[in-house]
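Asks:
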Amino acid sequence: MLHETVATDRRAFLRASLLAGGGLALNLSIPMPAMAAESGKAGATDPRLSAFVSIAPNGVVTIVGKNPEIGQGIKTMLPMLVAEELDADWDKVIIQQGDANAALYGSQIAGGSFATPQNWLPMRQTGAAARQMLVQAAATKLGVEPASLTTSKGRITHAASGRSLGYGDVASDAAKLPAPDLKTVPLKSPDKFVIIGKSKVGVDSHRIVRGEPIYGIDTRIPGMLYAAFESTPAFGAKLNGGKFDAAKASQGVRHVVQLKGDGTPDGVVDGVAVLATNWWLANQARSKLELDWDLSRAKGHSTEAYAVKANALMDGAPATEIRRDGDPDAKLAGAAKRLKARYDYPFLAHAPMEPQNCTALYKDGKLEIWAPTQNPAPGIKLIVAQLGMKEEDITLHLTRMGGGFGRRLTNDYMVQAAAIAKQVPGTPVKLLFSREDDIRRDFYRAAGWHEFEAGLDGQGKLVAMKDHFITFGDKDPTTGAGIAPGHTPAGLIPDFAIGRSMMPTVIATGYMRAPGSNALCFAFQSFLDEVAQAQGSDLPTLMLTLLGDRREVISPGEGGRGKMTFDTGRARDVIEKVMKTSAWTTKPSQPGRAKGFAFYYSHQGYFAEVVDASAKGDDIKVHKVWVAGDIGSQIINPMGAENQVRGSIIDGIAQALTGMEVQFVDGAPQQSNFHDYPLGRMPITPEIQIDWVLSTKSPTGLGEPALPPVIPALTNALFQATGKRVRSLPIKLAAA
Amino acid sequence: MPYKLMINGKLREVDAPGDMPLLWALRDELGMVGTKFGCGAGLCGACTVHVDGQAQRSCQTPIATVGKSKITTIEQIGATPIGAKLQEAWVEIDVMQCGYCQAGQIMSASALLAKTPRPTTEQIHEAMEGNICRCACYTRIEQGIRIAAGMEKTHAA
Numbered sequence: 000m001l002h003e004t005v006a007t008d009r010r011a012f013l014r015a016s017l018l019a020g021g022g023l024a025l026n027l028s029i030p031m032p033a034m035a036a037e038s039g040k041a042g043a044t045d046p047r048l049s050a051f052v053s054i055a056p057n058g059v060v061t062i063v064g065k066n067p068e069i070g071q072g073i074k075t076m077l078p079m080l081v082a083e084e085l086d087a088d089w090d091k092v093i094i095q096q097g098d099a100n101a102a103l104y105g106s107q108i109a110g111g112s113f114a115t116p117q118n119w120l121p122m123r124q125t126g127a128a129a130r131q132m133l134v135q136a137a138a139t140k141l142g143v144e145p146a147s148l149t150t151s152k153g154r155i156t157h158a159a160s161g162r163s164l165g166y167g168d169v170a171s172d173a174a175k176l177p178a179p180d181l182k183t184v185p186l187k188s189p190d191k192f193v194i195i196g197k198s199k200v201g202v203d204s205h206r207i208v209r210g211e212p213i214y215g216i217d218t219r220i221p222g223m224l225y226a227a228f229e230s231t232p233a234f235g236a237k238l239n240g241g242k243f244d245a246a247k248a249s250q251g252v253r254h255v256v257q258l259k260g261d262g263t264p265d266g267v268v269d270g271v272a273v274l275a276t277n278w279w280l281a282n283q284a285r286s287k288l289e290l291d292w293d294l295s296r297a298k299g300h301s302t303e304a305y306a307v308k309a310n311a312l313m314d315g316a317p318a319t320e321i322r323r324d325g326d327p328d329a330k331l332a333g334a335a336k337r338l339k340a341r342y343d344y345p346f347l348a349h350a351p352m353e354p355q356n357c358t359a360l361y362k363d364g365k366l367e368i369w370a371p372t373q374n375p376a377p378g379i380k381l382i383v384a385q386l387g388m389k390e391e392d393i394t395l396h397l398t399r400m401g402g403g404f405g406r407r408l409t410n411d412y413m414v415q416a417a418a419i420a421k422q423v424p425g426t427p428v429k430l431l432f433s434r435e436d437d438i439r440r441d442f443y444r445a446a447g448w449h450e451f452e453a454g455l456d457g458q459g460k461l462v463a464m465k466d467h468f469i470t471f472g473d474k475d476p477t478t479g480a481g482i483a484p485g486h487t488p489a490g491l492i493p494d495f496a497i498g499r500s501m502m503p504t505v506i507a508t509g510y511m512r513a514p515g516s517n518a519l520c521f522a523f524q525s526f527l528d529e530v531a532q533a534q535g536s537d538l539p540t541l542m543l544t545l546l547g548d549r550r551e552v553i554s555p556g557e558g559g560r561g562k563m564t565f566d567t568g569r570a571r572d573v574i575e576k577v578m579k580t581s582a583w584t585t586k587p588s589q590p591g592r593a594k595g596f597a598f599y600y601s602h603q604g605y606f607a608e609v610v611d612a613s614a615k616g617d618d619i620k621v622h623k624v625w626v627a628g629d630i631g632s633q634i635i636n637p638m639g640a641e642n643q644v645r646g647s648i649i650d651g652i653a654q655a656l657t658g659m660e661v662q663f664v665d666g667a668p669q670q671s672n673f674h675d676y677p678l679g680r681m682p683i684t685p686e687i688q689i690d691w692v693l694s695t696k697s698p699t700g701l702g703e704p705a706l707p708p709v710i711p712a713l714t715n716a717l718f719q720a721t722g723k724r725v726r727s728l729p730i731k732l733a734a735a
Numbered sequence: 000m001p002y003k004l005m006i007n008g009k010l011r012e013v014d015a016p017g018d019m020p021l022l023w024a025l026r027d028e029l030g031m032v033g034t035k036f037g038c039g040a041g042l043c044g045a046c047t048v049h050v051d052g053q054a055q056r057s058c059q060t061p062i063a064t065v066g067k068s069k070i071t072t073i074e075q076i077g078a079t080p081i082g083a084k085l086q087e088a089w090v091e092i093d094v095m096q097c098g099y100c101q102a103g104q105i106m107s108a109s110a111l112l113a114k115t116p117r118p119t120t121e122q123i124h125e126a127m128e129g130n131i132c133r134c135a136c137y138t139r140i141e142q143g144i145r146i147a148a149g150m151e152k153t154h155a156a
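So the protein lines, in turn, are chains A and B.
The opening position of the first sequence corresponds to residue 0 in numbering that gives the first Met the number 0, with each subsequent residue numbered one higher.
The opening position of the second sequence corresponds to residue 0 in numbering that gives the first Met the number 0, with each subsequent residue numbered one higher.
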């Protein structure tokens, strides 16, 4: 496993220094060219990785949590890696949230499930290097060989003489030693782990249950005003002008500020902000604004019109070939049996519980920002570009976030807060979206349509498959709306094609938890279930047949970016595991109740899931979900990992079941709050059984890959239970 | 006009219009930001507080209607035995992911346990259905309530 280390790059460096006031500070910095290529738009901001750890003379170990925390548990998990190899006392480690600082910390992003694979080795190496320096310093002090010393919970012990030293006792001496070559720093073998693999409570949990102010929305700066922002009622709308007097005269209002955008939604947009001494007062006054909007640009951009156009496009040939293996058309023409089906899924809003917000203070030409952002670096760049600021004049503090799900990868609200603050120099401003703003000014999971065709030969073997995917875009798909040429089952069927046609849109789209996958998995795994039924077989059997021997299937990534490696052996293992744990071949005895299966590979994680569901009319109940997942050799924090999987499963079920869908009329979102955009609530929670399949590969991320398969596993179960094939989300059984 | 509100055992004065929801008096007038804004429409439960011991959505409670009622918020719920047990259980099994809704969850749960010390699953669902957790930590919220009620032994996941 160690050959995978990125830290052997000769441009990697480890810098040791003496803390002010004594003690050891270590900074690891590693170039990450591969990461920039893989992560694409969302992550390619600074291809460096860093780790920070310090040990004070009193022995206190401080580890900087550099990545943004959205509930994925990264603020706990990354420091666990450092503390493990450092042999620190976890209960006494202090975790400090780092500010946004690309020069210091390199990549700081909560997205793409990248943090675990990127940091697994570097974080441990940093801890191991610190430990080695402390041991060296202690050996000198005690006049013994380093090899005769052992470490545990922040202490160094010389067993032979019974003497021991705390890390703090030697931290200043250690700081004077040269930092070791990372290649030579030995790492623990996994059987020696005392922190990794043990359940650790989130580092902020005890503060959360007491209601302490740790979220972006909780930011309070003396003299702060609260801003409510009335902006574009439809995408692409332009503000012609308006009357602000009534709003200005309202109770508590101090300023009314107009913003002018460039027509794109992800930065400053046209609108009017009302600044008051209380957000509710600002929002009340906002309703008194009389604004004249030009809505012409979004004319015709409506849900119904998109569906009509998508179906017309599916009637024709794909505009672009994404992938073509063999000759699927010839194979289809000669097939003994042919299947054809159309699938679709809607636009979705992220709707994190904490509405978008940002606090900003513009003073003496400098900007200080407190932001809940998953992706700070592009936010700073956008402020530089749109507000004419210099990067060095911007300070960005990262706050904990009340959920992200990809919404906060886009920094529109941050740039807007900065633009408002810039108009009232010296006054801190907290911009807060109402829930209605949050749902109507989202960067939505794009809707999509698929026409699939498959051919079976005389023996029922799947001999050809085609997908014609209809999505949004002009030259390229809009954000999160593409498909990779390597999308499973690409590479597993010799005669296979994916084609794509696009329609232009004014609707802002973005990445949502398991982007692409959260929708594509439903379409592909449902259609393959149809194929399996036509064979008189079942989907896990069909998948195992398609997967064949254990091998690596390598495909190009989306848009030619990087490559995707798909390990058929790991896929087989999770499928076989879930067939066993769910007793797949044992059918529920109740009428109207059945099991369904789906498999998916995304974000380097392999997940096979079985859903046991029943339906009475339109009343659907999910009784139990079995999950088998392979995210590598090690589950770093089992308690956090289980929570991520449970959350993903319920999130997916809710997307399918509760009626979540954002519709548009002439570019204006029609949903606004949780009454018409219903999220999952406690009673939909099924029993969830999670089994890990540990492979030999380095651990990978878990915020996303467990979600996609649960949706088709549910719809496939409903087919077994009712005979109705769900080809459109959200599920409406009566219409299926 | 100024309103006198009994919040967490202290008399606090808020000079605001009577139709201002208690949520915004707490957050922006008094700086008590533990009570969270989620929807502003009584749909998500993030802003739940106790008014004379009853769970109530503070975003739907105009300050003029509070009168002499005693308000308890997340900042003070730990002073009650039930609140303290819930907080302890919540940390013990690490209920939360993002944690944003958990103030409201704990306030709803503590009102439930005050009235129904040993709730059935149906009673838990009924009491908690109004509280959305977008991260969907529902399994552990339910488990946390059982632990706090002494109906289940703690065992870390």
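All residues carry an ideal CB built from backbone N, CA and C; glycine is no exception.
(1) Is there contact between the segment 355 to 362 of chain A and the segment 209 to 226 of chain A, where contact requires at least three CB pairs shorter than 8 Å?
(2) Buried or exposed for Ile62/B, please, with buried defined as at least 16 other CB atoms from any protein chain shown within 10 angstroms of its CB.
(3) I'd like to know if Pro532/A contacts chain B, where contact means its C-beta is closer than 9 Å to some C-beta of that chain.
(4) What does DSSP give as the partner residues of His467/A in its beta bridges?
(5) Give the residues of chain B in contact with Asn517/A, contact being defined as C-beta atoms less than 7 Å apart.
(6) Assuming Trp23/B contacts Asn310/A under a Cβ cut-off of 8 Å, what Cβ separation, rounded to an integer in Å, is found between them?
(7) Rounded to whole angstroms, what's the CA-CA distance from Gln415/A to Thr580/A? Just pull it up for me.
(8) So, with DSSP's three-state summary, where would you put His205/A?
(9) On the three-state DSSP scale, how would you describe Arg337/A?
(10) Along the alpha helix (DSSP H) that carries Gln257/A, what are the first and last residues, could you check?
(11) When you compare only the Cα positions, how much space is there between Ala463/A and Asp494/A?
(12) Tell me the residue span of the beta strand (DSSP E) that contains Glu551/A.
(13) In whole angstroms, what is the alpha-carbon distance linking Lys460/A and Gln534/A?
(14) For Ile687/A, tell me which candidate among Leu148/A, Thr714/A, Trp625/A has the shortest Cα-Cα distance.
(15) What is the DSSP secondary structure of Pro377/A, counted as helix, strand or coil?
(16) For the structure I just gave you, are there three or more beta carbon pairs, one from the segment 723 to 734 of chain A and one from the segment 647 to 662 of chain A, closer than 8 Å?
(17) Ala284/A and Leu430/A: beta carbons closer than 9 Å?
(18) Hey, how far is the Cα of Glu641/A from the Cα of Asp172/A?
(19) So that I know if they touch, is there some Cβ in chain B lying closer than 9 Å to that of Ser198/A?
(20) Quick one: which residues of the segment 24 to 55 of chain B get their C-beta closer than 9 Å to a C-beta of chain A? List them in chain order.
(21) If you count every other CB in all the chains shown that lies within 10 Å of the CB of Gly149/B, and 16 or more means buried, which is it?
(22) Once DSSP output is grouped into helix, strand and coil, what is the label at His124/B?
(23) With a threshold of 8 Å, are at least 3 pairs of Cβ atoms found where one atom belongs to the segment 590 to 605 of chain A and the other to the segment 616 to 630 of chain A?
(24) Are the CB atoms of Arg399/A and Pro375/A nearer to each other than 9 Å?
(25) Considering only heavy atoms of the ligand NAP, does any lie closer than 8 Å to the CB of Thr72/B?
(26) Please decide whether Pro32/A counts as near chain B, where near means a Cβ-Cβ distance under 9 Å.
(27) Leaving out five residues before and five after Arg117/B in sequence, what residues of the same chain have Cβ atoms less than 7 Å from its Cβ?
(28) Starting from Ala350/A, find everything on chain B with Cβ-Cβ shorter than 8 Å and list it in chain order.
(29) Kindly indicate if chain A contains any beta-carbon less than 9 Å away from that of Arg139/B.
(30) What do you reckon, are the CB atoms on Leu29/B and Val48/B nearer than 9 Å?
(31) Please list the terminal residues of the continuous alpha helix (DSSP H) segment that includes Lys579/A.
(32) Between Glu74/B and chain A, is the shortest Cβ-Cβ distance under 9 Å, so that the two count as touching?
(33) Alpha carbon to alpha carbon, what distance is there between Val725/A and Lys736/A?
(34) Applying the criterion that 16 or more other CB atoms from any shown protein chain within 10 Å of the CB defines a buried residue, is His349/A buried or exposed?
(35) Would the beta-carbon of Ala233/A fall within 9 Å of that of Asp665/A?
(36) Name, please, each residue of chain A whose Cβ falls closer than 9 Å to the Cβ of Tyr99/B.
Replies: On the basis of the supplied data:
(1) Taking 8 Å as the limit for Cβ pairs, the verdict is that the segment 209 to 226 of chain A does touch the segment 355 to 362 of chain A.
(2) Result: buried.
(3) Rather than Pro, the amino acid found at residue 532/A in this sequence is Gln. Taking Cβ atoms only, chain B never reaches closer than 9 Å to Gln532/A, which makes this a no.
(4) Glu450/A, Gly498/A
(5) Within 7 Å Cβ-Cβ: nothing; Asn517/A doesn't reach chain B, min ~14 Å.
(6) Wrong, their Cβ atoms sit about 47 Å apart, outside the cutoff.
(7) Those two C-alpha atoms are separated by around 50 Å.
(8) helix
(9) strand
(10) No alpha helix (DSSP H) holds Gln257/A; the beta strand (DSSP E) holding it covers 252 to 258.
(11) 5 Å
(12) 551 to 555
(13) 7 Å
(14) Considering only alpha carbons, the answer is Trp625/A.
(15) helix
(16) yes
(17) no
(18) 42 Å
(19) Interface residue, yes.
(20) Ala24, Arg26, Asp27, Glu28, Gly30, Met31, Val32, Gly33, Thr34, Lys35, Phe36, Gly37, Cys38, Gly39, Ala40, Leu42, Cys43, Ala45
(21) exposed
(22) helix
(23) In this structure the segment 590 to 605 of chain A lies against the segment 616 to 630 of chain A, because at least three pairs of beta carbons, one per stretch, are closer than 8 Å.
(24) no
(25) For the ligand NAP, the structure offers nothing, since it holds no ligand at all.
(26) In this prediction, Pro32/A scores a pLDDT of 44, lower than 50, which makes its location untrustworthy; no coordinate-derived value is stated.
(27) Ala148, Met150
(28) Arg133
(29) yes
(30) no
(31) 567 to 580
(32) Chain A, which has a Cβ nearer than 9 Å to the Cβ of Glu74/B, makes this yes.
(33) Examination of residue 736/A is not possible in this model, given that chain A is present from 0 through 735 alone.
(34) buried
(35) yes
(36) Gly70, Ile207, Tyr214, Ile216, Pro351, Met352, Glu353, Arg399, Met400, Gly401, Gly402
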